[in-house]
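In this note's numbering, the protein residues as written are 337 to 509.
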């Protein structure tokens, strides 16, 4: 039961990473592409809680760190905290409501952008937050929301299908 779910989550992490770093880089607007791993981390944390959110966020960030990061576990920690915080909203998760996931994806991407700016640029003495916010953070949020509107229902469909399969296997015949 949990093994199958964990394998599906691992596969989703790899697929979202590959899509984010290949296909959506080719479809970028002014160098901005959506953050599919934020959408995945928020979605998994909403559906399964803090523990799955932490693990999904950690391994999503670790993939980015291994391929693009300058310091190991920088992005892993950011994504991990995003997964943990969004896991608290599991209690008020309703499958039919798209507003909560979209608001959490927006807030998570905003926090991600601000934390990355602060730790990667501000501490190096680059004080152009208004430029970074208007030209990088906001377009990425908009692009992530648009892709999240399409990706989140797909995650929900996989979640519902796995729940139905688990309920069917638990019945006593």
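Glycine is no exception: its CB is placed at the ideal position from the N, C-alpha and C atoms.
What's the gap between the Cα of residue 470 and the Cα of residue 429? Walking along the chain shown from the start, residue 470 turns up at place 134. Walking along the chain shown from the start, residue 429 turns up at place 93. One C-alpha to the other measures close to 31 Å.
Express the C-alpha separation of residue 501 and residue 378 in angstroms, rounding to a whole number. The count along the chain shown starts at 1 and reaches residue 378 at position 42. The count along the chain shown starts at 1 and reaches residue 501 at position 165. Each residue's Cα considered, the two are about 23 Å apart.
Ordered list of beta strand (DSSP E) runs contained in the segment 372-447, each at least 3 residues: Whole beta strand (DSSP E) segments, 3+ residues: zero.
What residues are listed by DSSP as bridge partners for residue 360? Here residue 360 refers to the residue found at position 24 when the chain shown is read from its first residue. Its beta-bridge partners do not exist; DSSP assigns none.
What is the rounded straight-line gap between the Cα of residue 463 and the Cα of residue 403? By one-based count along the chain shown, residue 463 stands at place 127. By one-based count along the chain shown, residue 403 stands at place 67. Going by the C-alpha atoms only, they are around 27 Å apart.
Please go through the same chain and pick out, in chain order, the residues whose beta-carbon is closer than 7 Å to the beta-carbon of residue 459, but skip the five residues on each side of it. Working through the chain shown from its first residue, we reach residue 459 at position 123. The beta carbon of residue 459 sits closer than 7 Å to none of the beta carbons in its chain outside the five residues before and after it.
Beta-carbon contacts of residue 509 that lie in its chain and below 7 Å, excluding the five residues immediately before and after: To locate residue 509, count along the chain shown from 1; it is residue 173. Caution is warranted here: a pLDDT of 34 is assigned to residue 509, below 50, making its placement in the model unreliable, and no coordinate value can be reported.
According to the Cβ coordinates, are residue 356 and residue 372 closer than 9 Å? Mapped onto the chain shown, residue 356 falls at position 20. Mapped onto the chain shown, residue 372 falls at position 36. One thing to note: residue 356 has its Cβ within 9 Å of the Cβ of residue 372.
Exposure of residue 467, with buried meaning 16 or more beta-carbon neighbours within 10 Å: The residue you call residue 467 lines up with position 131 of the chain shown. Residue 467 is exposed by the Cβ-count criterion.
Could you pull out every residue in the same chain whose Cβ sits closer than 7 Å to the Cβ of residue 411, ignoring the five residues on either side in sequence? By one-based count along the chain shown, residue 411 stands at place 75. Closer than 7 Å at the Cβ level, and outside the excluded window around residue 411, lie 397, 400, 401 and 405.
Might you give, ordered along the chain, the residues of its own chain that have their beta carbon closer than 7 Å to the beta carbon of residue 347, omitting 5 neighbours on each side? Your numbering for residue 347 matches position 11 in the chain shown. Answer for residue 347: no residue qualifies.
Does DSSP classify residue 339 as helix, strand or coil? Translated into positions along the chain shown, residue 339 becomes position 3. Helix, per DSSP.
What is the DSSP secondary structure of residue 463, counted as helix, strand or coil? Here residue 463 refers to the residue found at position 127 of the chain shown. The answer is coil: DSSP assigns residue 463 none of H, G, I, E or B.
Tell whether a beta-carbon distance below 9 Å holds between residue 479 and residue 368. Your numbering for residue 479 matches position 143 in the chain shown. Your numbering for residue 368 matches position 32 in the chain shown. Closer than 9 Å, so yes.
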